[in-house]
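Chemist: Quick one: the structure is below, questions incoming.
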Amino acid sequence: MKSLPNVLVVDNEENSLLLLQEILMGSEANIIIAMSGSEALKKIRGIDVALAILDVRMPEMNGFELALNINEERLEKVPIIFVTANYLNYSDVSKGYDSGAVDYIIKPIKNDILLNKVKIFIDLFNQKQ
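All the letters of the sequence shown, read from the start, carry residue numbers 629 to 757 under my numbering.
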């Protein structure tokens, strides 16, 4: 039996994390949730990740730093979708793309848009396997 691709979701706000998890129940993926960058890195150590959905603004390790850490030692880069409630200036957007972002989602999240984006990355991951 083929295992489901892993999708990492990281947000330090529990309500946002639960909402993202609920939205992603409609995808064919194993959802790995974490409330901090350090927790996320521990949970994905040694496993393939098809996609990471990261909150930009988190204490201790922000989303940009976490993205760089996720992709630091991987042969295949993990695509990153950043989630933010704040307006980002050009410098922030550029920083995000430099750290591995493939897209941004602005809160409030439109469920169908996020789910469709996730499905695309899962399909791409499955095609590579």
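Every residue gets a Cβ at the ideal spot worked out from N, C-alpha and C, and that includes glycine.
Leu-632 by DSSP, collapsed to three states: which one?
Modeler: Of the three classes helix, strand and coil, the one that applies to Leu-632 here is coil, per DSSP.
Chemist: Report back the beta-carbon spacing between Leu-636 and Ile-660 to the nearest angstrom; my notes put them in contact at under 8 Å.
Modeler: Yes, Leu-636 and Ile-660 are in contact; Cβ-Cβ is about 5 Å, under 8 Å.
Chemist: Give the single residue among Asn-739, Gln-755, Lys-756 and Glu-641 whose Cα lies nearest to the Cα of Ser-655.
Modeler: Ranking Asn-739, Gln-755, Lys-756 and Glu-641 by Cα distance to Ser-655 puts Asn-739 first.
Chemist: Whose CA, out of Glu-704, Leu-703, Tyr-732 and Asp-726, lies closest to the CA of Asn-714?
Modeler: Taking only the C-alpha atoms, the option nearest Asn-714 is Tyr-732.
Chemist: Name the two residues that bound the continuous alpha helix (DSSP H) containing Val-721.
Modeler: Unbroken alpha helix (DSSP H) run through Val-721: 718-726.
Chemist: Leaving out the 5 sequence neighbours to the left and right, which residues in its chain are closer than 6 Å to Val-684 when beta-carbon positions are compared?
Modeler: Closer than 6 Å at the Cβ level, and outside the excluded window around Val-684, lie Gly-691, Phe-710 and Thr-712.
Chemist: Could you give the DSSP three-state label for Asp-683: helix, strand or coil?
Modeler: It is a strand residue.
Chemist: Straight-line CA distance for Ile-741 to Glu-701?
Modeler: Distance between the alpha carbons of Ile-741 and Glu-701 is about 30 Å.
Chemist: State the Cα-Cα distance for the pair Lys-735 and Gly-674, rounded to the nearest angstrom.
Modeler: C-alpha separation (whole angstroms): 31 Å.
Chemist: Quick check: Leu-696 and Ser-727, are their CB atoms within less than 7 Å of each other?
Modeler: In contact: Leu-696 and Ser-727 (Cβ atoms closer than 7 Å).
Chemist: Among Met-653, Leu-632 and Ala-680, whose alpha-carbon lies nearest the alpha-carbon of Asp-639?
Modeler: Checking every option, the nearest Cα to that of Asp-639 belongs to Ala-680.
Chemist: Which whole-angstrom value is the C-beta distance of Ile-737 and Ile-651, which I expect to be below 8 Å?
Modeler: Right, their Cβ atoms sit about 7 Å apart.
Chemist: So, with DSSP's three-state summary, where would you put Ile-737?
Modeler: Correct three-state label for Ile-737: coil.
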